[in-house]
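Note sheet for the following structure.
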Amino acid sequence: MGIGLLLLDKGLISKGDLDRAIAEQQTSGERLDKVLVRQGVVSRDQVLEAMGDQFHMPVVDLMEVKVDQTTLQSLPAKLVYKQNCVPIRSDDDTLTVATSDPFELSVLDELRLLAGRTIDLVLADEEQLQRFIRANYGVGGDTLDELSEGKADEDVQVSDEIEQAQEASVIKLVNDLLIEAITDRATDVHIEPYEHELLVRYRIDGVLMRANVPASVHRFGAAIISRIKIMASLNIAEKRKPQDGRISIRHRVEGQLHEFDLRVSIIPMLFGEGVVMRILDKSQALMDLPDLGMTGLAYEKWIELITKPHGIMLVTGPTGSGKSTTLYASLNRIVGEDIKVITVEDPVEYHLDGVNQIQVNNKVGLSFALGLRSVLRHDPDVVMIGEIRDKETAEIAVQASLTGHLVFSTLHTNDAPGATTRLMDMGVEPFLVSSSVEGILAQRLVRKVCDKCAQSYTPTKADLPDDFEPPSDGKLQRGTGCRACRDKGLRGRLGLYELLTLSDTVRDMVMHRANSREIAKQALSENDLVTLRQDGYEKVREGKTTIGEVVRALAT
2 MGIGLLLLDK GLISKGDLDR AIAEQQTSGE RLDKVLVRQG VVSRDQVLEA
52 MGDQFHMPVV DLMEVKVDQT TLQSLPAKLV YKQNCVPIRS DDDTLTVATS
102 DPFELSVLDE LRLLAGRTID LVLADEEQLQ RFIRANYGVG GDTLDELSEG
152 KADEDVQVSD EIEQAQEASV IKLVNDLLIE AITDRATDVH IEPYEHELLV
202 RYRIDGVLMR ANVPASVHRF GAAIISRIKI MASLNIAEKR KPQDGRISIR
252 HRVEGQLHEF DLRVSIIPML FGEGVVMRIL DKSQALMDLP DLGMTGLAYE
302 KWIELITKPH GIMLVTGPTG SGKSTTLYAS LNRIVGEDIK VITVEDPVEY
352 HLDGVNQIQV NNKVGLSFAL GLRSVLRHDP DVVMIGEIRD KETAEIAVQA
402 SLTGHLVFST LHTNDAPGAT TRLMDMGVEP FLVSSSVEGI LAQRLVRKVC
452 DKCAQSYTPT KADLPDDFEP PSDGKLQRGT GCRACRDKGL RGRLGLYELL
502 TLSDTVRDMV MHRANSREIA KQALSENDLV TLRQDGYEKV REGKTTIGEV
552 VRALAT
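Note that our numbering has the sequence shown beginning at 2, numbered continuously upward.
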């Protein structure tokens with residue numbers, strides 16, 4: 002009985018559901034159950050349970066399975082990739098193998114022959130199975146085996162790069178590396194050439210982690226980089242100068258088709274060309290400010306500030322601290338048919354409905370300053386500048402705010418009070434800073450406690466900083482480590498926020514060029530400032546993150 006009839010027989014789908022799925026399958030070529038899951042007719046768990054009942058096969062959760070190295074090596078890696086099955090348990094007489102497709106029972110004979118013992122098949126979810134294979138056998142291991150067959154090292158080195166970069170195996174290998182990065186929620190992919198290895202690392206939740214790629218990938222480094230150049234429309238023959246480009250790819254994430262924009266940077270290094278690709282999910286729904294971690298008094302005051310008719314709102318923090326995401330979420334809050342919003346960005350990271358977005362292009366002379374001057378002639382109500390980098394841009398932003406525009410921008414400073422002195426260091430007059438800036442939001446990103454393996458614990462006094470006040474019950478949260486968080490105990494990120502609103506006293510201090518420490522002291526005395534550390538400690542007490550994460554984030 003085929004999977005469609007099996008689900009129909011169990012009453013999980015109707016005849017109409019089956020007919021619609023079959024019609025779509027004829028164009029998509031997908032397996033029927035995948036079409037039904039994507040259409041939302043059944044869940045993956047329901048399909049798996051139905052197949053288990055039909056074939057009298059137990060269902061296993063590979064997220065919970067720990068397999069020793071000896072068992073993993075009981076089947077050749079090439080067969081594991083080819084047949085999409087993995088050994089998970091072994092004894093003298095029987096090898097237990099997990100598969101996601103019980104309809105392909107012909108594979109049993111090949112497994113028995115290679116293992117030399119009885120094969121006990123169990124069912125596993127296909128996505129879990131793919132993740133398990135990548136985690137234990139490496140990303141693109143099957144492709145590398147195929148590339149290596151019959152090729153000596155010197156054969157690879159002297160082969161024509163363009164021809165090799167367009168081989169199906171190299172194309173598949175690069176796609177595997179990118180899809181693995183997307184699946185792991187990476188924001189950046191780093192490909193780094195060394196004398197005897199090619200290192201591939203993913204930045205996940207702000208931390209670089211080594212990708213599980215077989216060592217043999219080193220032999221095909223030149224082909225991989227050439228393939229990336231072709232995808233990014235770069236000069237494949239140029240190896241002496243840095244190059245920048247973009248790649249657009251589509252991939253399904255949890256059944257939904259997402260479009261990803263990859264910003265590619267290639268730089269010549271000692272042992273080859275290094276590549277960094279920033280991954281932007283263009284299909285991702287914009288997060289709201291509370292989802293980012295902005296809550297309490299900071300949230301209430303920020304909402305009040307961004308609905309003002311004029312003034313400058315600054316978001317500060319180091320590179321990668323989520324400033325742009327906060328600005329997009331803020332703009333999304335106020336955009337509407339009654340106001341005109343224009344942005345000048347480098348690059349445009351996300352597309353906002355109802356917002357006019359301009360991409361900076363220094364090659365043709367379109368800088369932040371020039372773009373901003375032109376924007377002000379387009380009668381905007383709200384202007385967002387990607388970053389204030391120089392005196393000219395800062396002065397135009399100030400003039401725009403003083404002439405009735407609400408201006409959003411970012412600055413690179415460590416805290417909120419430091420933004421005023423940074424503007425004055427650029428050459429903006431103190432009285433202009435004092436009269437134009439309404440609010441300054443400093444932020445950092447910390448990793449969240451993994452919700453899959455979170456547990457309460459009672460820390461010792463030595464575990465806590467002197468200025469940390471534990472919750473009334475004395476208990477905090479931490480992750481014990483699981484497959485979902487790669488045994489880190491941390492998964493996903495949220496923001497820490499420090500919002501400075503300029504009171505009359507603070508404005509007067511800015512006029513007299515007070516330093517950031519004096520401004521912070523005054524704001525704290527007025528109970529008008531919750532520092533980044535205080536916000537971080539509050540999120541620790543709420544069980545959202547850990548003391549170690551707050552300390553790490555604020556060390557920069």
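C-beta atoms are modelled at their ideal positions from N, C-alpha and C, and glycine is treated no differently.
Taking only the alpha-carbon atoms, compute the straight-line gap between D380 and G372 and give it to the nearest angstrom. Here the question's residue 380 lines up with position 379 in the sequence shown. Here the question's residue 372 lines up with position 371 in the sequence shown. As the crow flies, the alpha-carbon of D380 is around 14 Å from that of G372.
Using the beta-carbon count (16 or more within 10 Å), is P194 buried or exposed? To locate residue 194, count along the sequence shown from 1; it is residue 193. P194 should be labelled buried.
Going by the DSSP bridge assignment, what does E193 pair with across the sheet? The residue labelled residue 193 in the question sits at position 192 within the sequence shown. L200.
Give me the residue from L49, D354, T28 and I343 with the minimum Cα distance to L13. As a working mapping, residue 13 is identified with position 12 in the sequence shown. Between L13 and the set L49, D354, T28 and I343, the nearest pair of CA atoms involves L49.
Just curious, the alpha helix (DSSP H) that P88 is in, first and last residue? One-based indexing of the sequence shown puts residue 88 at position 87. For P88, there is no enclosing alpha helix (DSSP H); the residue is part of the beta strand (DSSP E) that begins and ends at C86 to S91.
Does the beta-carbon of S504 have 16 or more other beta-carbons within 10 angstroms, so that it is buried, or is it exposed? Locating residue 504 in the sequence shown gives position 503, counting from the first residue. Exposed, since its Cβ has fewer than 16 Cβ neighbours within 10 Å.
Excluding the 5 residues flanking D185 on each side, which residues of the same chain have their C-beta closer than 7 Å to its C-beta? Numbered from its first residue, the sequence shown carries residue 185 at position 184. Once the five neighbours on either side are set aside, the close Cβ partners of D185 are Y203 and I205.
Terminal residues of the continuous alpha helix (DSSP H) containing I324? Within the sequence shown, the letter at position 323 stands for residue 324. Residue identity check: residue 324 is Lys in the sequence provided, not Ile. Element bounds for K324: K324 to I335.
Mind checking E181: buried by the 16 CB within 10 Å criterion, or exposed? Taking the first residue of the sequence shown as 1, we reach residue 181 at position 180. The residue in question, E181, is buried, as its Cβ has 16 or more Cβ neighbours within 10 Å.
Could you tell me the alpha carbon to alpha carbon distance between I268 and E239, rounded to whole angstroms? Residue 268 sits at position 267 when you count from the first residue of the sequence shown. Residue 239 sits at position 238 when you count from the first residue of the sequence shown. Their Cα atoms are separated by approximately 11 Å.
For E393 and K489, what's the separation of their Cα atoms in angstroms? Walking along the sequence shown from the start, residue 393 turns up at place 392. Walking along the sequence shown from the start, residue 489 turns up at place 488. If I take the Cα positions, the gap works out to 45 Å.
Counting along the chain, where does the alpha helix (DSSP H) carrying D10 start and finish? Here residue 10 refers to the residue found at position 9 of the sequence shown. Unbroken alpha helix (DSSP H) run through D10: I4 to D10.
What are the residues that DSSP puts in a beta bridge with N357? Position 356 of the sequence shown holds residue 357. Under DSSP, N357 forms a beta bridge with I343.
So, under 8 Å CB-CB, V276 and I192 are touching, yes? Tell me the CB distance rounded to an integer number of Å. Position 275 of the sequence shown holds residue 276. Position 191 of the sequence shown holds residue 192. That pair is a contact at about 4 Å.
Please report the straight-line C-alpha distance between V552 and L495, rounded to a whole angstrom. Locating residue 552 in the sequence shown gives position 551, counting from the first residue. Locating residue 495 in the sequence shown gives position 494, counting from the first residue. If you take the alpha carbons of V552 and L495, they lie about 15 Å apart.
Quick one: Cα of R448 to Cα of R479, how far? The residue you call residue 448 lines up with position 447 of the sequence shown. The residue you call residue 479 lines up with position 478 of the sequence shown. Within the model, the alpha-carbon separation for R448 versus R479 is close to 11 Å.
Short of 7 Å in beta carbon distance, which residues of its chain neighbour M510, apart from the five on each side in sequence? Order them along the chain. Here residue 510 is taken as the residue at index 509 of the sequence shown, counted from 1. Excluding positions up to five away in sequence, the list reads E519, I520 and Q523.
Quick one: what does DSSP say L49 is sitting in, helix, strand or coil? Here residue 49 corresponds to residue number 48 of the sequence shown, with the count starting at 1. DSSP places L49 within a helical segment (H, G or I) once states are collapsed to three.
Cutting at 6 Å between CB atoms, please list the residues of its own chain near L9, excluding the five before and the five after it. In the sequence shown, residue 9 corresponds to position 8, counting from 1. Closer than 6 Å at the Cβ level, and outside the excluded window around L9, lie L19.
Where does K476 sit, in a helix, a strand or coil, going by DSSP? Against the sequence shown, residue 476 aligns to sequence position 475. In the structure shown, K476 sits in coil (DSSP, three-state: anything other than H, G, I, E or B).
Looking at C-alpha atoms only, which residue of K11, T28, S29 and L37 is the closest neighbour of A22? Looking up residue 22 in the sequence shown gives position 21. Per the C-alpha coordinates, the member of K11, T28, S29 and L37 positioned closest to A22 is L37.
Less than 8 Å between the C-beta atoms of V383 and A398, yes or no? Indexing the sequence shown from 1 puts residue 383 at position 382. Indexing the sequence shown from 1 puts residue 398 at position 397. Contact flag unset, no.
Quick one, which of Y329, F272 and Y300 has its alpha-carbon nearest H197's? As a first step, residue 197 is located in the sequence shown; it is residue number 196 there, counting from the start. Taking only the C-alpha atoms, the option nearest H197 is F272.
Reducing DSSP to helix, strand and coil, say where N236 ends up. To locate residue 236, count along the sequence shown from 1; it is residue 235. In this structure, N236 counts as coil in the three-state DSSP scheme.
Taking the DSSP output, what are the residues bridged to H252? In the sequence shown, counting from the first residue as 1, residue 252 sits at position 251. Answer is H259, bridged to H252.
Cα-Cα separation, A443 to G318: Start at 1 with the first residue of the sequence shown, and residue 443 comes out as number 442. Start at 1 with the first residue of the sequence shown, and residue 318 comes out as number 317. Rounded to whole angstroms, A443 to G318 spans 6 Å at the Cα level.
Sub-8 Å separation of L377 and A401 beta-carbons: The residue labelled residue 377 in the question sits at position 376 within the sequence shown. The residue labelled residue 401 in the question sits at position 400 within the sequence shown. Yes.
Would you call the CB atoms of R247 and E260 closer than 8 Å? Translated into the one-based positions of the sequence shown, residue 247 becomes position 246. Translated into the one-based positions of the sequence shown, residue 260 becomes position 259. Contact: no.
Three-state secondary structure (DSSP) at P291? As a first step, residue 291 must be located in the sequence shown, where it is residue number 290. In this structure, P291 counts as helix in the three-state DSSP scheme.
Ordered along the chain, which non-local residues of its own chain (more than five positions away) have a Cβ less than 6 Å from that of S160? For the purposes of this step, residue 160 is identified with residue 159 of the sequence shown, where counting begins at 1. Note that S160 scores a pLDDT of 47, beneath 50, so its modelled location is shaky; the value from the coordinates is reported in the next line. Excluding positions up to five away in sequence, the list is empty.
Rounded C-alpha distance that separates K283 from L293: Locating residue 283 in the sequence shown gives position 282, counting from the first residue. Locating residue 293 in the sequence shown gives position 292, counting from the first residue. Taking the straight line from one Cα to the other gives about 18 Å.
Is the Cβ-Cβ distance between E499 and A417 less than 8 Å? Here the question's residue 499 lines up with position 498 in the sequence shown. Here the question's residue 417 lines up with position 416 in the sequence shown. The answer is yes: Cβ separation under 8 Å.
If you count every other CB in all the chains shown that lies within 10 Å of the CB of N333, and 16 or more means buried, which is it? Within the sequence shown, the letter at position 332 stands for residue 333. It is buried - the Cβ of N333 has at least 16 other Cβ atoms within 10 Å.
Is it buried or exposed for D156, if we count other Cβ within 10 angstroms and need 16 for buried? Within the sequence shown, numbered from 1, the residue matching residue 156 stands at position 155. With a pLDDT of only 44 at D156, under 50, the local geometry of the prediction cannot be trusted, and the value read off the model is given with reservation. D156 comes out exposed.
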